[in-house]
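Counting the sequence shown from 1 gives a position; my numbering is that position plus 12.
All residues carry an ideal CB built from backbone N, CA and C; glycine is no exception.
Encoded as structure tokens, the structure appears first; notes follow it.
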Amino acid sequence: FPYRPLDASKSEIRIINLKPGTALSPLQCALQHVPTANKSRASYKALSYTWGAPEPTKILLLDGIQIQVRENLWQALYHIRQQNATLQLWVDALCINQEDIPERNEQVSRMGTLYNQAEEVIVWLGPEKDGSDVAISFIRHSVTPRSRALALDLSSDLPSSIELRPIVDLLSREYWRRVWIVQEVFRAR
């Protein structure tokens with residue numbers, strides 16, 4: 013893909029505008045250069061995910077050009093795409109010119125800051141499987157303001173062993189084995 017160089021004097025980054033679409037429409041993105049110098053704050057969400065299998069197998073349109081991306085990234089973008097609104101995202105695999113080693117090194121050194129300055133960090137653990145929807149529901153319920161304010165009574169609030177399996181499975185996914193999540197998730201606002 014022919015990336016336009018970033019302007020170092022403006023401390024530019026690239027973000028993608030993930031175009032709205034339906035389940036049947038192709039994934040379409042447009043690159044945008046955004047200055048971050050002079051305390052200007054770019055408005056974007058950052059995607060935290062695992063790259064997955066090394067071979068790109070899925071197609072998306074980037075600035076009207078078909079490019080191949082890895083399955084896990086394609087799945088993430090497909091699932092978070094809105095039907096009626098464009099999402100502004102920072103996604104390492106698309107926003108960094110991976111072929112330009114100096115750019116890649118410079119951008120990777122800024123990743124902690126990029127995740128910290130994002131409006132939101134979207135964590136993609138993968139598609140739903142084996143009851144992961146139950147696990148997410150339990151985790152959401154467990155971190156409500158009410159549950160934080162009240163002491164947890166383990167004897168009554170602990171889910172049954174049937175409900176624990178999806179939580180264990182979710183927390184055993186490849187995502188949690190990545191060192192990068194320290195800066196991607198824990199530096200998020």
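Between the CA atoms of glutamine 129 and valine 135 - distance to the nearest angstrom = As a first step, residue 135 must be located in the sequence shown, where it is residue number 123. As a first step, residue 129 must be located in the sequence shown, where it is residue number 117. Per the coordinates, the alpha-carbon of valine 135 lies some 15 Å from the alpha-carbon of glutamine 129.
- [ ] Indicate whether the contact test is met: 3 or more Cβ pairs, each with one atom in the segment 71 to 83 and one in the segment 107 to 126, closer than 8 Å.
- [x] When C-beta atoms of the segment 71 to 83 are compared with those of the segment 107 to 126, fewer than three pairs fall below 8 Å, so the two segments do not count as touching.
My guess is that leucine 74 and cysteine 41 are in contact by the Cβ rule of under 8 Å, so how many angstroms apart are they, rounded?
-> The residue labelled residue 74 in the question sits at position 62 within the sequence shown. The residue labelled residue 41 in the question sits at position 29 within the sequence shown. Right, the Cβ-Cβ distance comes to about 5 Å (below 8 Å), so this counts as a contact.
**Q.** Run of the beta strand (DSSP E) containing tryptophan 102, from where it starts to where it stops
**A.** The count along the sequence shown starts at 1 and reaches residue 102 at position 90. Taken as a continuous stretch (DSSP letters only), the beta strand (DSSP E) holding tryptophan 102 covers 99 to 102.
So is alanine 49 buried or exposed if we call it buried at 16+ other beta carbons inside 10 Å? Counted from its first residue, the sequence shown places residue 49 at position 37. By the Cβ-count criterion, alanine 49 is exposed, with fewer than 16 other Cβ atoms from all chains shown falling within 10 Å of its own Cβ.
Discussion item. Among Glu111, Trp102, Pro139 and Gly138, whose alpha-carbon lies nearest the alpha-carbon of proline 14?
Written reply: Stepping through the sequence shown from its first residue, residue 14 is reached at position 2. Measuring from the Cα of proline 14, the nearest candidate turns out to be Glu111.
Q. When DSSP labels each residue in this structure, what does arginine 93 get in the three-state scheme?
A. To locate residue 93, count along the sequence shown from 1; it is residue 81. If DSSP states are grouped into helix, strand and coil, arginine 93 belongs with coil.
### Euclidean distance between Cα positions of tyrosine 90 and isoleucine 27
Position 78 of the sequence shown, counting from 1, holds the residue named residue 90. Position 15 of the sequence shown, counting from 1, holds the residue named residue 27. Approximately 17 Å between the Cα atoms of the pair.
Limits of the unbroken beta strand (DSSP E) element including leucine 18:
On the sequence shown, residue 18 is found 6 positions in, with the first residue counted as 1. No beta strand (DSSP E) holds leucine 18; DSSP gives it neither H nor E.
Requested in this report: For isoleucine 108, I'd like the list of residues in its chain whose CB is within less than 6 Å of its CB, leaving aside the five on either flank, ordered along the chain.
Outcome: The residue labelled residue 108 in the question sits at position 96 within the sequence shown. Excluding residues within five positions, the ones whose Cβ falls inside 6 Å are Arg116 and Gln119.
| query | Grouping DSSP H, G and I as helix and E and B as strand, with all else coil, what is glutamate 202? | reply | Any answer about residue 202 is impossible in this case: the structure gives the chain only from 13 up to 201.
* To do: Identify, in the order they occur along the chain, each residue of the same chain with its Cβ nearer than 8 Å to the Cβ of glutamate 131, setting aside the five sequence neighbours on each side.
  => To locate residue 131, count along the sequence shown from 1; it is residue 119. Excluding residues within five positions, the ones whose Cβ falls inside 8 Å are Ser55, Tyr56, Lys57 and Arg201.
Is DSSP giving isoleucine 108 helix, strand or coil here? Position 96 of the sequence shown, counted from the start, is the residue given in the question as residue 108. The answer is coil: DSSP assigns isoleucine 108 none of H, G, I, E or B.
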